[in-house]
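Let me begin by presenting the structure, written as structure tokens, before commenting on it.
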Amino acid sequence: MAGLAAALYFATAFVGVYLPATAQQVARGHLHLLLTSGLDAAPPVPALQVAIAAAAAALLINRTDACMWWRVALVGHVGSALIAYAVIYAFDGPTTTRDYGVSCVLGATLGALMTRRGDRLAQAVGIAGTIALLPLSFSWLGIEHPLAIALGAAASGSLRRSRTADRPSAGRRRPRR
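If you number the sequence shown the way the numbering used here does, the last residue is 297 and the count never jumps.
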């Protein structure tokens with residue numbers, strides 16, 4: 121079910137739901153925009169951004185499960201937005217700039233992939249994607265990208281040491297029952 125929901129998320133993001141958040145709107149209590157902004161990709165090539173995020177998510181879901189991806193995506197997207205908005209307010213930054221969240225969903229997914237122990241493909245995709253995303257992070261809202269990467273890595277739980285993480289055969293994680 122969570123996998124189907126992930127597919128529907130990316131289908132919706134591909135079509136686009138123009139409900140981006142701003143720091144000002146969230147501060148005024150429009151908290152639903154924290155979620156709807158995750159359905160929007162920034163111009164000029166939103167479809168490409170959604171496709172790249174979907175491919176990274178598919179890899180993470182294949183290596184773990186869809187519930188893991190949802191946790192990583194929500195923590196990375198919402199968490200990075202809240203922290204960035206707090207920084208914007210603390211330093212009198214622009215509070216009305218529109219925030220599109222697919223890039224933070226991507227960043228969080230890359231952070232989770234980067235920390236997958238014993239999975240060279242996931243690590244390579246995570247590292248390469250992070251390197252590609254960071255040059256887009258030099259603006260008030262751009263600070264969300266490194267935050268989303270870090271929050272995605274933390275939310276994935278891959279940073280914790282486990283008995284199976286050091287075994288090359290650890291492979292696919294089974295969902296808890």
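Idealized CB from N, CA, C, for every residue including glycine.
Quick caveat, the model's predicted, so the values are computed rather than measured.
At a cut-off of 4 residues, the continuous stretches assigned as alpha helix (DSSP H) that sit fully inside the region 140-192 are 143-147, 152-156, 166-183.
At the C-beta level, Val222 and Ala173 come within 8 Å of one another. In this structure, Leu202 is the residue among Ala126, Arg191, Met121, Leu202 with its C-alpha nearest to the C-alpha of Gln145. According to the DSSP assignment, Tyr129 belongs to the alpha helix (DSSP H) that extends over 122-135. Gly262: not part of any alpha helix (DSSP H); DSSP gives it neither H nor E. For Leu159, the closest C-alpha among the options Phe211, Arg218, Met121 is that of Arg218.
The region 195-211 and the region 239-257 do not touch, with fewer than 3 CB-CB distances between them shorter than 8 Å. Exclusion of the five residues before and after Gly213 leaves Ala143, Val207, Trp260 as the residues of its chain whose Cβ lies within less than 8 Å of its Cβ.
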